[in-house]
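Novice:
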Amino acid sequence: MQRLLLVGLNHATAPLEIRERVAFSAPQRAAALDAFRARWPQAEAVLLSTCNRVEAYFARPTHGYPRWEEVADFLAAFHGLSPQVLRPHLYHKADRDAVLHLFTVACSLDSMVLGETQILGQVREAYDVACQHRSAGAVLHPLFQRAVAVGRQVLTHTALGEGRVSIASVAVDYARRVFDQFADKTVLCIGAGKMASLVLRNFSSLHPGRLIVCNRDPDRAAALAGRFGAEARPLEALDEQLVAADVVISSTGATEPILTRRRFEPLVRQRRYRPILLIDIALPRDIESAVGELENVYLYNIDDLQQVVSRTQSQRGEIAAEAIALVHSQVREFEAWHRARELGPLIERLSQRYHDIAQEELQRTLRKLGNIGDAEKAHLEDLARRLVNKLLHDPIQSLRKSDAHYAASVQLLHSLERLLDLHGDQSPPAPPDPPEDLSAA
């Protein structure tokens, strides 16, 4: 049997300074999955990495590895962090709690912005990458497929999905709080990814004087600009655009800041110290925090936006009740399906083992009885079969009613397998590891 576990951190448990150090770029995630599988070949893994969370979902045999502590240390080592620095910010969940958490995440109920739709695509992408690297298996395949389906159902059929909010839309709303109108403003978007597309979609409806896209790839910048009536500029022209801009929203995939204090300070003088609003929604951050110390430079990052969001989340929280009820219903359905899938082989082995024993004893008895008629022999065979079925009826019903997602129940089922030697010719399982500490889950 398999255990499902989760180790992660998010905007509620870790500051931006920690999140950006453990975020996975696309190449890093691929390398991490390969390293995970090389170290624990019998385990499955999916890595979810967004601007507000990094989570490792993994499945392993009940008495197998890794344990959550080992995954925590794996994440720390991969990113060059001390475990002592990372562990205080981590949460870990197992089995039902891990399923509930993933479904909640996919529905945006655990997002900084309730109802944001980008997280569903990010969950799907994390699963797709795991499939490409063959790190998802019999447990994580159905789990993530169901999570994506649940997320789509919630965001499509409940009030939570209305409005299509996102981090990008919150950033634009914040700019609207600073400026009354944008007809005489120059808005610069750095980056040409999904987040940049959302930024441009929201800003284009405000009809700014100029809307500019600046990106390393000129073709991508031109394609994105064309969709929203914006101007495209190469990244080499960034300084010139920064001098002209009133609002800058940055969302690139750079691993190091593209805008440092040393670079921006002379630009402030060229601007004659005109006020500029910088909103950095990238992770890792695109803009060095020291830039915000310069005169008339107002710099905000994702965590700053969270404070703005929290003032309006209570209203969306009121309409989340329907989504929460649907999620819990889907967790119960998945739980029942998974329990049946896990218990089926065990019950089959249990039944087969005792019917085999009954047949052995029946044949021994028949040899002692000598020549008896076919009718009497059939009665004895039927008696043996009915005795086994009656003796196993109550234990099997108890197993079917038990909650296989609780750690204690899973331990009990494996104890039963060992006690009754239901592994057949397989090697006996390794000694059990210490029970998972779920108090923090």
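Mapping of the sequence shown onto our numbering: residues 836 to 1276, in sequence order. For each residue, glycine too, the CB sits at the ideal point set by N, CA and C.
Three-state secondary structure (DSSP) at A880?
Specialist: The answer is strand: DSSP assigns A880 an E or B state.
Novice: In angstroms with no decimal places, state the Cα-to-Cα distance between D1052 and L1070.
Specialist: Computed Cα separation, rounded: 8 Å.
Novice: DSSP state of T1021, grouped into three classes?
Specialist: Three-state DSSP puts T1021 in a strand.
Novice: From this set, R856, E1216, A965, which residue's C-alpha is nearest H914's C-alpha?
Specialist: When only C-alpha atoms are compared, the closest one is R856.
Novice: According to the neighbour-count rule (16 or more other Cβ atoms, all chains shown, within 10 Å of its Cβ), is N1136 buried or exposed?
Specialist: Buried, since its Cβ has 16 or more Cβ neighbours within 10 Å.
Novice: Measure how close the beta-carbons of L868 and A965 come, nearest whole angstrom, since I'm counting them as under 8 Å.
Specialist: That pair is a contact at about 6 Å.
Novice: Please identify the residue among Q953, I1084, G1127 whose C-alpha is closest to the C-alpha of A1117.
Specialist: Selected option, being the one with the closest Cα: I1084.
Novice: Taking the alpha-carbon of E1196 as reference, which of R872, A929, L1218, H992 has the nearest alpha-carbon?
Specialist: Nearest option by C-alpha distance: L1218.
Novice: Where DSSP assigns a beta bridge to Y892, which residues make up the other side?
Specialist: Answer is L841, V881, bridged to Y892.
Novice: Tell me the DSSP secondary structure of R1106 in three-state form.
Specialist: Of the three classes helix, strand and coil, the one that applies to R1106 here is coil, per DSSP.
Novice: Relative to the C-alpha of Q980, which candidate in H992, Q967, V958 has its C-alpha closest?
Specialist: Ranking the options by Cα distance to Q980, first place goes to V958.
Novice: Can you give the Cα-Cα distance for Q1142 and N887, rounded to whole angstroms?
Specialist: Each residue's alpha carbon lies about 14 Å from the other.
Novice: If you draw a straight line from the C-alpha of D1209 to the C-alpha of L1215, how long is it?
Specialist: Rounded to whole angstroms, D1209 to L1215 spans 10 Å at the Cα level.
Novice: Can you tell me the Cα-Cα spacing of P850 and D1139, whole angstroms?
Specialist: Whole-angstrom Cα-Cα distance: 11 Å.
Novice: Assuming G1044 and T1021 are in contact, meaning their beta carbons sit under 8 Å apart, how far apart are those beta carbons, in whole angstroms?
Specialist: With a Cβ gap of about 6 Å, G1044 and T1021 count as contacting.
Novice: If you draw a straight line from the alpha carbon of L949 to that of F1063, how long is it in whole angstroms?
Specialist: In a straight line, the C-alpha of L949 is about 26 Å away from that of F1063.
Novice: Is the Cβ-Cβ distance between N1131 and R1098 less than 8 Å?
Specialist: Not closer than 8 Å, so no.
Novice: Can you name the start and end residues of the beta strand (DSSP E) that S1085 belongs to?
Specialist: Residues 1082–1085.
Novice: Confirm, please, whether the CB-CB distance from L978 to V934 is below 8 Å.
Specialist: Yes. Within cutoff.
Novice: If I follow the unbroken alpha helix (DSSP H) through Y962, where does it start and stop?
Specialist: Run containing Y962: 953–967, per the alpha helix (DSSP H) assignment.
Novice: State whether the stretch 902–911 contacts the stretch 1112–1126, with contact taken as three or more CB pairs (one from each stretch) at a distance under 8 Å.
Specialist: In short, these stretches do not touch, since the Cβ pair count stays below three.
Novice: Ignoring anything shorter than 4 residues, give me the alpha helix (DSSP H) runs that lie fully in the stretch 1154–1218, in order along the chain.
Specialist: The stretch 1154–1218 contains these whole alpha helix (DSSP H) runs: 1156–1204.
Novice: Can you tell me whether L910 is buried or exposed, with buried defined as 16 or more other CB within 10 angstroms of its CB?
Specialist: So L910 ends up on the buried side.
Novice: Rounded to the nearest angstrom, how far is the Cβ of L1059 from that of V1048, given a contact under 8 Å?
Specialist: That pair is a contact at about 5 Å.
Novice: Taking Cβ to Cβ, would you say R838 is nearer than 8 Å to D963?
Specialist: Their beta carbons are not under 8 Å apart, which means R838 does not touch D963 by this criterion.
Novice: Which first and last residues belong to the alpha helix (DSSP H) in which D1054 is found?
Specialist: First-last of the alpha helix (DSSP H) with D1054: 1053–1063.
Novice: Could you check where the alpha helix (DSSP H) with P977 kicks off and where it finishes?
Specialist: Note, P977: alpha helix (DSSP H), 975–992.
Novice: Quick check on the burial criterion: 16 or more other C-beta atoms within 10 angstroms. Buried or exposed for V1126?
Specialist: The residue is buried, with at least 16 neighbouring Cβ atoms inside 10 Å.
Novice: Can you tell me which residues form a DSSP beta bridge with A971?
Specialist: A971 is not bridged to any residue.
Novice: Can you tell me where the alpha helix (DSSP H) with Y1135 in it begins and where it stops?
Specialist: It is not in any alpha helix (DSSP H) - Y1135 instead sits in the beta strand (DSSP E) that spans 1132–1136.
Novice: Assuming contact is defined by CB atoms lying nearer than 8 Å, are L1102 and V1078 in contact in what I supplied?
Specialist: Yes, Cβ-Cβ distance for L1102 and V1078 is below 8 Å.
Novice: On the DSSP bridge assignment, give the partners of H927 in chain order.
Specialist: In DSSP, H927 forms a bridge with V842.
Novice: Report the CB separation of S970 from E1066 in whole angstroms; it is logged as a contact under 8 Å.
Specialist: With a Cβ gap of about 42 Å, S970 and E1066 do not count as contacting.
Novice: Distance check for I1231 and D1268, CA to CA, integer angstroms please.
Specialist: Unreliable placement is indicated for D1268, whose pLDDT of 41 sits below 50; no coordinate value is reported for it.
Novice: Tell me which residues share the same chain as H968 and place their Cβ nearer than 8 Å to its Cβ, disregarding the 5 neighbours each side in the sequence.
Specialist: Around H968: A865, L868, D869, R872.
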